[in-house]
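> Throughout, the numbering used here is defined as the position within the sequence shown, counted from one, plus 30. Input: one structure, supplied below.
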Amino acid sequence: MLSSRRSLLAGGAAMLAGTAAGGRAWAAEAEQPPGLNALAAPKGLFFGSALDDKQLTGDPAFLQRLGAECGMLVSEYSFKWETLQPEQGQFVFTRADALMDFAAANRMRVRGHTLIWHEGNPPWLEAALTPEGALAMMYGYIATVCGHFRGRLAHWDVVNEPLSPEDGQPFGLRATPWLRALGPGYIDLAFRAAAKADPASLRLINEFGLDYAIDWQETRRTALLKLLEALLARGVPVQGVGLQAHLDAAEKRLDQRVLSRFVADIAAMGLKIVVTELDVRDDGLPADIGVRDRAVADHARAWLDAVLPNPAVLGLLTWGLSDRRSWLNDRFPRKDHLPQRPLPLDTELRPTALFYAIAGALDAVPGR
Ligand code: XIL
Numbered sequence: 031m032l033s034s035r036r037s038l039l040a041g042g043a044a045m046l047a048g049t050a051a052g053g054r055a056w057a058a059e060a061e062q063p064p065g066l067n068a069l070a071a072p073k074g075l076f077f078g079s080a081l082d083d084k085q086l087t088g089d090p091a092f093l094q095r096l097g098a099e100c101g102m103l104v105s106e107y108s109f110k111w112e113t114l115q116p117e118q119g120q121f122v123f124t125r126a127d128a129l130m131d132f133a134a135a136n137r138m139r140v141r142g143h144t145l146i147w148h149e150g151n152p153p154w155l156e157a158a159l160t161p162e163g164a165l166a167m168m169y170g171y172i173a174t175v176c177g178h179f180r181g182r183l184a185h186w187d188v189v190n191e192p193l194s195p196e197d198g199q200p201f202g203l204r205a206t207p208w209l210r211a212l213g214p215g216y217i218d219l220a221f222r223a224a225a226k227a228d229p230a231s232l233r234l235i236n237e238f239g240l241d242y243a244i245d246w247q248e249t250r251r252t253a254l255l256k257l258l259e260a261l262l263a264r265g266v267p268v269q270g271v272g273l274q275a276h277l278d279a280a281e282k283r284l285d286q287r288v289l290s291r292f293v294a295d296i297a298a299m300g301l302k303i304v305v306t307e308l309d310v311r312d313d314g315l316p317a318d319i320g321v322r323d324r325a326v327a328d329h330a331r332a333w334l335d336a337v338l339p340n341p342a343v344l345g346l347l348t349w350g351l352s353d354r355r356s357w358l359n360d361r362f363p364r365k366d367h368l369p370q371r372p373l374p375l376d377t378e379l380r381p382t383a384l385f386y387a388i389a390g391a392l393d394a395v396p397g398r
């Protein structure tokens with residue numbers, strides 16, 4: 031069950047000291063710890079974060095931290111269908127290109143999120159997804175979008191959140207307009223189209239709700255493994271799995287053995303793993319900031335300790351870098367209306383206990 035192992039750092043006052051990896055030691059209060067990507071790199075991993083486009087301007091202190099911490103960026107909006115093709119027949123790459131320019135100027139890689147999803151779509155799309163029109167729509171979109179970024183993205187989330195076993199569809203698939211129009215083979219088609227248009231970017235299925243030893247998540251894990259097996263058996267060019275890792279600090283049923291076994295099962299198929307959207311909601315916890323921060327950090331540390339050591343894991347990204355902005359405040363607002371504290375930096379851009387939990391988990395990963 032939840033790891034009883036203490037974090038390397040308790041609160042902001044302790045030290046991440048004397049590691050086997052190189053005897054690094056620094057006092058959190060005395061100096062800025064090294065960036066998370068710099069801690070990840072010697073382990074053959076990367077660290078990155080999601081970014082809201084509005085954060086690309088007007089907040090130089092934030093951008094400076096982003097550059098210091100991240101080796102990879104992903105946009106919360108700019109690579110979604112509603113942004114890239116707001117009107118039928120009209121592609122708009124302005125926002126995505128601005129993020130590409132910022133990343134290039136700061137030597138960061140970028141992941142594409144996402145090509146085929148049941149959310150983040152413009153209103154016109156659903157009407158256009160008829161059995162007759164859907165294939166051309168998908169192929170045209172993927173050819174244009176993957177073609178635009180060809181060779182410049184580290185990863186593409188080719189299909190996002192395809193599972194919803196409670197929908198009663200074949201293979202536990204979610205009942206989406208794509209499934210309705212094209213059947214379960216829509217996933218095959220999307221991956222084949224992406225591989226053709228941009229062979230070099232790693233192609234992933236990105237999914238949530240895979241983290242806990244609870245029945246509905248066990249069902250999702252089993253469905254995902256079966257789906258991957260079937261895709262690979264058909265020669266579909268899927269190359270990895272994105273574990274979103276939207277965690278819940280109040281959830282007690284985190285079983286590290288279940289998690290590491292699941293990750294090993296994915297790796298055994300020859301697939302890569304990326305932790306794509308890590309954050310830890312605290313809306314089930316009391317208001318006290320110290321209590322929340324400790325629980326968030328310990329929870330993430332237990333999850334990361336079970337996942338990161340698998341050599342198939344390439345790296346991790348948090349869904350936002352600083353508590354200045356998190357989707358969780360919109361999606362799961364706390365009943366007391368206090369802002370959540372789900373990310374590695376607080377609103378003042380100071381490292382939170384979660385920052386040190388991530389640093390400690392990276393430090394504990396054996397070198398590859
Ligand atoms: C979320 C963004 O963070 C929000 O700002 C937006 O309104 C909706 O999408 N899983 C995903 C992400 O794959 O794309 C979602 O991002 C969060 C959950």
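Cβ coordinates follow ideal geometry from the N, Cα and C atoms, glycine included.
Based on the DSSP secondary-structure assignment, which residues constitute the bridge partners of residue 215?
To locate residue 215, count along the sequence shown from 1; it is residue 185. Bridge partners of residue 215: none, in fact.
> With C-beta atoms as the reference, is residue 176 less than 7 Å away from residue 138?
The residue labelled residue 176 in the question sits at position 146 within the sequence shown. The residue labelled residue 138 in the question sits at position 108 within the sequence shown. Contact flag unset, no.
> At what residues does the alpha helix (DSSP H) containing residue 360 begin and finish?
For the purposes of this step, residue 360 is identified with residue 330 of the sequence shown, where counting begins at 1. Run containing residue 360: 358-361, per the alpha helix (DSSP H) assignment.
> Can you give me the Cβ contacts of residue 51 inside the same chain, cut-off strictly under 6 Å, excluding the 5 residues immediately before and after it?
In the sequence shown, residue 51 corresponds to position 21, counting from 1. With a pLDDT of 35 at residue 51, under the threshold of 50, the modelled position of this residue cannot be trusted, and the question is left open.
> Among residues of its own chain, excluding the 5 on either side of residue 281, which ones have a beta-carbon nearer than 7 Å to its beta-carbon?
In the sequence shown, counting from the first residue as 1, residue 281 sits at position 251. Same-chain partners within the cutoff: 242.
> Comparing the CB of residue 151 with every heavy atom of the ligand XIL, is any distance shorter than 6 Å?
Here residue 151 corresponds to residue number 121 of the sequence shown, with the count starting at 1. No, since every heavy atom of the ligand XIL falls outside the 6 Å radius drawn around the Cβ of residue 151.
> Given a cut-off of 7 Å on the beta-carbon distance, is the pair residue 278 and residue 311 in contact?
Here residue 278 corresponds to residue number 248 of the sequence shown, with the count starting at 1. Here residue 311 corresponds to residue number 281 of the sequence shown, with the count starting at 1. In contact: residue 278 and residue 311 (Cβ atoms closer than 7 Å).
> From the DSSP secondary-structure annotation, give me the bridge partner or partners of residue 186.
Here the question's residue 186 lines up with position 156 in the sequence shown. Bridge partners of residue 186: 142 and 233.
> Between the Cα of residue 97 and the Cα atoms of 69, 84 and 135, which residue gives the shortest distance?
Here residue 97 is taken as the residue at index 67 of the sequence shown, counted from 1. Of 69, 84 and 135, the residue nearest in Cα terms is 135.
> Using a threshold of 6 Å, is the CB atom of residue 357 nearer than that to any non-hydrogen atom of the ligand XIL?
Within the sequence shown, numbered from 1, the residue matching residue 357 stands at position 327. Yes; taking the cut-off as 6 Å, the Cβ of residue 357 has a heavy atom of the ligand XIL nearer than that.
> Bridge partners of residue 80, per DSSP?
Here residue 80 is taken as the residue at index 50 of the sequence shown, counted from 1. BP columns for residue 80 point to 104.
> Could you tell me whether the stretch 178-187 touches the stretch 138-154, using the rule of 3 or more Cβ pairs below 8 Å?
With the cut-off at 8 Å, the stretch 178-187 and the stretch 138-154 touch.
> Could you tell me the alpha carbon to alpha carbon distance between residue 105 and residue 309, rounded to whole angstroms?
Taking the sequence shown and counting its residues from 1, the one referred to as residue 105 is at position 75. Taking the sequence shown and counting its residues from 1, the one referred to as residue 309 is at position 279. Cα-Cα distance, rounded: 15 Å.
> Could you tell me the distance, in whole angstroms, from the CA atom of residue 21 to the CA atom of residue 223?
Residue 21 lies beyond the range of the chain shown here (31 to 398); nothing can be said about it.
> Give every residue of the same chain whose Cβ lies closer than 7 Å to the Cβ of residue 198, excluding the five residues on either side of it in the sequence, and list them in chain order.
By 1-based counting over the sequence shown, the position of residue 198 is 168. Answer for residue 198: no residue qualifies.
> For residue 244, name the three-state secondary structure that DSSP assigns.
Numbered from its first residue, the sequence shown carries residue 244 at position 214. Three-state DSSP puts residue 244 in coil, outside helix and strand.
> Are the stretch 108-123 and the stretch 73-80 touching by the rule of at least three beta carbon pairs closer than 8 Å?
Not touching, per the Cβ criterion.
> Within the same chain, show all residues whose beta-carbon is closer than 7 Å to that of residue 178, passing over the 5 residues directly before and after it, in chain order.
One-based indexing of the sequence shown puts residue 178 at position 148. Hits under 7 Å: 123.
> Looking only at C-alpha atoms, which of 219, 203, 362 and 129 sits nearest to residue 167?
Residue 167 sits at position 137 when you count from the first residue of the sequence shown. Here the closest residue by C-alpha is 219.
> With the cut-off set at 7 Å, would you say residue 250 and residue 334 are in Cβ contact?
Position 220 of the sequence shown holds residue 250. Position 304 of the sequence shown holds residue 334. No.
> Under the assumption that residue 343 contacts residue 305 (Cβ atoms under 8 Å), give the Cβ distance between them as a whole number of angstroms.
Start at 1 with the first residue of the sequence shown, and residue 343 comes out as number 313. Start at 1 with the first residue of the sequence shown, and residue 305 comes out as number 275. Yes, residue 343 and residue 305 are in contact; Cβ-Cβ is about 7 Å, under 8 Å.
> Helix, strand or coil: which one does DSSP assign to residue 290?
Translated into positions along the sequence shown, residue 290 becomes position 260. Of the three classes helix, strand and coil, the one that applies to residue 290 here is helix, per DSSP.
> Please report the Cβ distance between residue 301 and residue 271, rounded to the nearest whole angstrom; I am assuming they are in contact, meaning their Cβ atoms lie under 8 Å.
As a working note, residue 301 is residue 271 in the sequence shown. As a working note, residue 271 is residue 241 in the sequence shown. That pair is a contact at about 6 Å.
> Please state whether the Cβ-Cβ distance between residue 108 and residue 133 is less than 7 Å.
In the sequence shown, counting from the first residue as 1, residue 108 sits at position 78. In the sequence shown, counting from the first residue as 1, residue 133 sits at position 103. No, the Cβ-Cβ distance between residue 108 and residue 133 is not below 7 Å.
> If you count every other CB in all the chains shown that lies within 10 Å of the CB of residue 385, and 16 or more means buried, which is it?
Against the sequence shown, residue 385 aligns to sequence position 355. Looking at its Cβ environment, which holds 16 or more other Cβ atoms inside 10 Å, residue 385 is buried.
> With respect to the beta strand (DSSP E) encompassing residue 165, which residues constitute its N-terminal and C-terminal limits?
Numbered from its first residue, the sequence shown carries residue 165 at position 135. Residue 165 -> not in any beta strand (DSSP E); alpha helix (DSSP H) instead, spanning 164-179.
> Is residue 162 near the ligand XIL, judged by its Cβ being under 6 Å from some heavy atom?
Position 132 of the sequence shown, counted from the first residue, corresponds to residue 162. Not under cutoff, so the answer is no.
> Among the residues of its own chain, which have a CB less than 6 Å from the CB of residue 349, if the five just before and after it don't count?
Numbered from 1 along the sequence shown, position 319 holds the residue referred to as residue 349. The residues are 80, 307 and 309.
> Taking DSSP as the reference, what is the three-state secondary structure of residue 329?
Mapped onto the sequence shown, residue 329 falls at position 299. Correct three-state label for residue 329: helix.
> Do you know offhand how far residue 150's Cα is from residue 191's?
The residue you call residue 150 lines up with position 120 of the sequence shown. The residue you call residue 191 lines up with position 161 of the sequence shown. Those two C-alpha atoms are separated by around 12 Å.
> In its own chain, which residues sit with a C-beta less than 7 Å from the C-beta of residue 200, not counting the 5 before and 5 after it?
As a first step, residue 200 is located in the sequence shown; it is residue number 170 there, counting from the start. Around residue 200: 214.
> Throw me the rounded Cβ distance for the residue 174 and residue 221 pair, which I believe falls under 8 Å.
The residue given as residue 174 occupies position 144 in the sequence shown. The residue given as residue 221 occupies position 191 in the sequence shown. Wrong, their Cβ atoms sit about 17 Å apart, outside the cutoff.
> Measuring alpha carbon to alpha carbon, tell me which residue in 129, 159 and 110 is nearest residue 84.
Against the sequence shown, residue 84 aligns to sequence position 54. If we check each option's Cα against that of residue 84, 129 comes out closest.
> Would you mind stating whether residue 353 and residue 328 have Cβ atoms separated by less than 7 Å?
Reading the sequence shown from its first residue, position 323 is the one you call residue 353. Reading the sequence shown from its first residue, position 298 is the one you call residue 328. Going by C-beta atoms, residue 353 is not nearer than 7 Å to residue 328.
> Return the first residue and the last residue of the beta strand (DSSP E) that residue 309 is part of.
The residue you call residue 309 lines up with position 279 of the sequence shown. 302-311 is the span of the beta strand (DSSP E), which, as asked, contains residue 309.
> Exposed or buried, what is residue 360 when buried is set at 16 or more other beta-carbons lying within 10 Å of its beta-carbon?
Looking up residue 360 in the sequence shown gives position 330. Label assigned to residue 360: exposed.
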